[in-house]
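Residue numbers (my numbering): 11 to 512. In what follows, a structure is listed as structure tokens, so that the remarks can point back to it.
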Ligand code: SAH
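Rendered as structure tokens:
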């Protein structure tokens with residue numbers, strides 16, 4: 011198993027600085043023993059202009075197989091299978107074992123730490139990385155999809171013949187990967203650390219729960235937004251559903267925390283943002299809250315969920331009306347919840363008030379028992395923050411599982427965008443909006459959701475209702491039909507009866 015990392019330099023910034031960044035001296039060949047064999051680091055070239063470090067992992071397939079047998083795996087079975095434990099591609103192909111070696115040998119570089127050259131470690135370098143034999147489950151196309159979004163100028167994926175002397179045998183399942191571009195060394199190493207095992211898709215060691223932490227650490231800055239994130243987490247965690255879900259939730263949090271920072275240039279904020287100057291009138295957000303409060307009062311709701319509560323403005327408004335006896339704000343972003351808690355002064359609130367409100371972290375794309383049994387749920391300006399293909403998950407979690415009697419959903423009306431003077435044509439209102447719907451599109455979605463889950467739906471305008479393009483915000487009020495409410499009550503009585511009978 012083999013990979014090389016190269017860079018170029020100038021007399022002032024010699025390429026051999028790579029040795030400092032990797033914490034391995036270019037003049038020495040060094041060997042390290044890892045759990046699967048011996049890792050060698052050496053430099054095939056080391057001058058001021060060009061410097062290349064090579065990592066070679068010598069795996070002992072016999073020892074590896076013996077270790078496995080020792081753990082009780084691989085005992086017995088067909089003789090062929092037993093032989094395959096000893097004779098396999100492990101010594102040659104860059105797999106999860108190489109990734110482990112990478113982390114063992116280049117720990118500090120992976121962490122972006124370089125005491126002697128901190129500014130060099132923090133800056134992008136011209137890099138060239140080559141992996142001559144990379145097992146690529148999913149083919150060259152997947153390799154490209156995985157590396158292309160990561161800032162490389164060149165991602166070259168070449169086929170490797172099964173046997174060069176017999177071209178008619180065709181290509182092997184390995185590819186030769188060359189990456190070129192200006193990246194921070196730590197970022198490049200972290201990408202390899204995660205993506206080598208993803209491409210191999212067969213971890214050669216036990217996947218422990220702390221793998222989630224390792225993935226999050228190594229994925230910092232690039233994984234949360236990666237278009238292939240679901241595949242990466244699933245394969246990296248060896249298809250273990252529980253761990254994958256854990257990682258996905260954490261990464262969603264990271265993505266949202268990052269997208270929070272985009273707020274500055276969002277149009278909705280220009281109109282809405284009131285974080286610093288609480289007294290300033292805030293037209294659209296105010297309209298929205300008023301419309302929501304009225305609809306909740308009209309529905310006779312007392313116990314209310316604010317799903318995707320953000321920084322807690324609606325929770326604050328709800329607290330002012332004593333008819334709302336229980337208010338639960340839910341958001342996936344810890345940062346938003348921290349701001350909400352500060353806004354509400356939760357820590358200084360009297361006991362009675364504090365007893366009415368809870369803020370909790372959770373993702374709306376997963377069912378959550380804590381959300382069952384409420385009168386109403388509000389999704390104010392939330393659905394458009396989810397990728398369209400995650401909407402069915404939210405739909406099920408809210409309408410199928412939590413199932414409150416009333417659900418209010420607000421979302422921008424994209425037709426109105428032409429009326430925002432500051433919004434360039436064709437732009438959405440907020441950097442993190444995944445989509446914005448026309449009135450017809452929202453109605454279509456809402457109608458189907460209502461039908462699928464036994465609700466009726468009514469639509470209300472929020473803000474000035476423009477005769478041509480409609481209102482800036484659209485509000486849908488979903489109400490559980492009477493038959494569905496009866497079913498719910500029946501189920502409860504049945505359960506009670508069962509309990510009594512038992
Ligand atoms: N409801 C507030 C905030 C809207 S911004 C208002 O009307 O002003 C959208 C909010 O949805 C953000 O706080 C974001 O963190 C949250 N959000 C987005 N996706 C989420 C998810 N999957 N689960 C929970 N909250 C989510």
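From the three backbone atoms N, C-alpha and C, an ideal C-beta is built for every residue, glycine too.
query                                                                                                                                                                                 : result
Label residue 419 either buried or exposed according to how many other C-beta atoms from any shown protein chain fall within 10 Å of its C-beta, with 16 as the threshold for buried. : buried
Is residue 541 near the ligand SAH, with its Cβ less than 6 angstroms from a heavy atom?                                                                                              : Residue 541 is absent from the model: the chain starts at 11 and stops at 512.
Rounded to whole angstroms, what is the Cα-Cα separation between residue 210 and residue 244?                                                                                         : 13 angstroms
Our contact map puts residue 253 next to residue 242 with C-beta atoms below 8 angstroms; I'd like the distance itself, whole angstroms only.                                         : No, residue 253 and residue 242 are not in contact; Cβ-Cβ is about 13 angstroms, not under 8 angstroms.
For residue 407, does the count of other Cβ atoms within 10 angstroms reach 16, so buried, or fall short, so exposed?                                                                 : buried
On a Cα-Cα basis, can you pick out the residue from 207, 427 and 410 that is closest to residue 106?                                                                                  : 207
Would you mind reading off the limits of the beta strand (DSSP E) that contains residue 56?                                                                                           : 47-56
Compute the beta-carbon to beta-carbon distance between residue 416 and residue 393, rounded to the nearest angstrom, for a pair I have assumed lies under 8 angstroms.               : Not a contact, Cβ separation roughly 16 angstroms.
Give the DSSP bridge partners of residue 190, in chain order.                                                                                                                         : 138 and 164
Check for me: the alpha helix (DSSP H) holding residue 323 runs from which residue to which?                                                                                          : 323-329
Taking residue 404 as part of the alpha helix (DSSP H), name the residues at either end of that continuous run.                                                                       : 401-405
Would the beta-carbon of residue 230 fall within 7 angstroms of that of residue 373?                                                                                                  : no
What do you reckon, is the C-beta of residue 109 under 6 angstroms from a heavy atom of the ligand SAH?                                                                               : no
Where does residue 471 fall in DSSP's three states?                                                                                                                                   : strand
With a Cβ-Cβ cutoff of 7 angstroms, do residue 195 and residue 119 count as a contact?                                                                                                : yes
Based on DSSP bridge pairs, tell me the residues matched to residue 12.                                                                                                               : 66
At a cut-off of 6 angstroms, would you count residue 342 as near the ligand SAH, judging by its Cβ distance to the nearest heavy atom?                                                : yes
Going by the CB atoms, is the gap between residue 337 and residue 328 shorter than 7 angstroms?                                                                                       : yes
What are the start and end residues of each continuous alpha helix (DSSP H) run of 4 or more residues lying completely inside the stretch 309-372, in chain order?                    : 323-329, 344-354 and 361-364
Taking residue 201 as part of the alpha helix (DSSP H), name the residues at either end of that continuous run.                                                                       : 195-210
Can you check whether the CB of residue 386 is closer than 7 angstroms to the CB of residue 309?                                                                                      : yes
Between the Cα of residue 376 and those of 390, 403 and 355, spot the shortest distance and give me the residue it belongs to.                                                        : 403
Taking residue 108 as the reference, give the member of 236, 200 and 193 with the closest Cα.                                                                                         : 200
Beta carbon of residue 296: closer than 6 angstroms to some heavy atom of the ligand SAH?                                                                                             : no
Closest to residue 409 by C-alpha separation, out of 124, 494 and 20, would be which residue?                                                                                         : 494
Should residue 306 and residue 316 be called a contact, given that it needs their Cβ atoms to be closer than 7 angstroms?                                                             : no
When we look at the beta-carbon of residue 499 and count the other beta-carbons within 10 Å, is it buried (16 or more) or exposed?                                                    : exposed
Return the chain-ordered list of same chain residues with a C-beta closer than 6 angstroms to the C-beta of residue 395, the five sequence neighbours on each side being excluded.    : 442
DSSP on residue 426, reduced to helix/strand/coil?                                                                                                                                    : helix
So, is residue 11 buried or exposed, given that buried needs 16 or more other C-beta atoms within 10 angstroms?                                                                       : buried
Assign residue 332 to buried or exposed, taking buried as 16 or more other Cβ atoms, counted over all protein chains shown, within 10 Å of its Cβ.                                    : exposed
Kindly indicate the opening and closing residues of the alpha helix (DSSP H) around residue 30.                                                                                       : 27-32
Please classify residue 235: does DSSP put it in a helix, a strand, or coil?                                                                                                          : coil
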